[in-house]
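See below for the structure under consideration.
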Amino acid sequence: MVSNTPVTPDQARRPRSIWPLYLIVIMSLAPLVLALLAYYVPALGLRPSEHSNYGKLIQPQRPVPDASTLPLRTLDGNPFELSSLDGKWILVSADSAACPESCVRKLFILRNSHASQGKNVERLARVWFITDDQEIPDQVMKAYKGTHMLRVDPAKLAAYLAPQATAADREAALKAPMWIIDPLGNLMMQFPADADPISVRDDIRKLIRNSRIG
295 MVSNTPVTPD QARRPRSIWP LYLIVIMSLA PLVLALLAYY VPALGLRPSE
345 HSNYGKLIQP QRPVPDASTL PLRTLDGNPF ELSSLDGKWI LVSADSAACP
395 ESCVRKLFIL RNSHASQGKN VERLARVWFI TDDQEIPDQV MKAYKGTHML
445 RVDPAKLAAY LAPQATAADR EAALKAPMWI IDPLGNLMMQ FPADADPISV
495 RDDIRKLIRN SRIG
């Protein structure tokens, strides 16, 4: 059907708006402009962080000492070779047998981080280095069943886990952090005692997901 409405000369000469074209150009250039700003103007906070891990990477990584350097004993008094856990990601904590609240918190974080790894749970193990010969509370024993509880000389353990600590600060240095040993037997990451449990869990999940070992 043909319209009978006449078209006036003014209507015929009226130019079309070019704003849609401008919008298309702006939308096309926006990603490039943002990328340039992120690269050349870091103060804007647009550049992604150089690393995304929550824990502190240990540089250089330190291999697990052999049994002659770091002798370990089970609660039954039998020798234990940490190398028997090679091939697994090892979540590590250290504290006295009395296990005060700060110790329980670390064991809780590592246990839950381990348990939350789904189908990858078998790729991890947990170790609690006990730095004296005192009795462990029954409540702690039951709550953290499945953790390798190993007695160790604190001075020898500090030489491995916290070599930078002075003799006076050695005990505190051992009690403060949590660590991760990789499947090749290298100490590679440290978390603070007041670490956020969710962030620790996510770091471990990312390590497991991206790793082709262990």
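Residue numbers for the sequence shown follow my numbering, so the first one is 295 and each next one is one higher.
Think of the CB as a built atom: it goes at the ideal place given N, C-alpha and C, for glycine as much as any other residue.
Owing to the predicted nature of the structure, the values given are computational and were not obtained by experimental measurement.
Residues sharing a beta bridge with residue i, DSSP
i    : result
A419 : I384
I318 : According to DSSP, I318 bridges with nothing at all.
D389 : I424
Distance between beta carbons of residue j and residue i, contact taken as under 8 Å
i    : j    : result
P471 : P491 : About 15 Å separates the two Cβ atoms, so there is no contact after all.
G381 : G508 : 6 Å
L451 : F423 : 6 Å
Q411 : I498 : 7 Å
V446 : L366 : 6 Å
Span of the beta strand (DSSP E) around residue i
i    : result
R356 : K350 to P357
N480 : N480 to F485
Sequence-distant residues of its chain with Cβ nearer than 8 Å to residue i (five each side left out)
i    : result
S393 : Here the sequence assigns Cys to residue 393, which means Ser is not the residue at that position. If we look at C393 and ignore the five residues flanking it on each side, its Cβ neighbours are L401, I430, P431 and V434.
D488 : none
Nonlocal neighbours in the same chain, by C-beta distance under 7 Å from residue i, ignoring five residues either side
i    : result
A391 : I424, D426, Q428, E429 and I430
A459 : A452 and A467
Element boundaries [alpha helix (DSSP H), containing residue i]
i    : result
N372 : Segment: none, N372 is in no alpha helix (DSSP H) and carries neither H nor E.
R495 : P491 to N504
heavy atom of the ligand GTP below 7 Å from residue i C-beta
i    : result
A361 : In the structure on display, the ligand GTP does not appear, and there are no ligands present to speak of.
6 Å Cβ shell around residue i - same chain, five flanking residues per side excluded
i    : result
R464 : A452
At 3 residues or longer, what runs of the beta strand (DSSP E) sit wholly inside the stretch 391-473? Counting only runs of 3 or more, we get 418-424 and 442-446.
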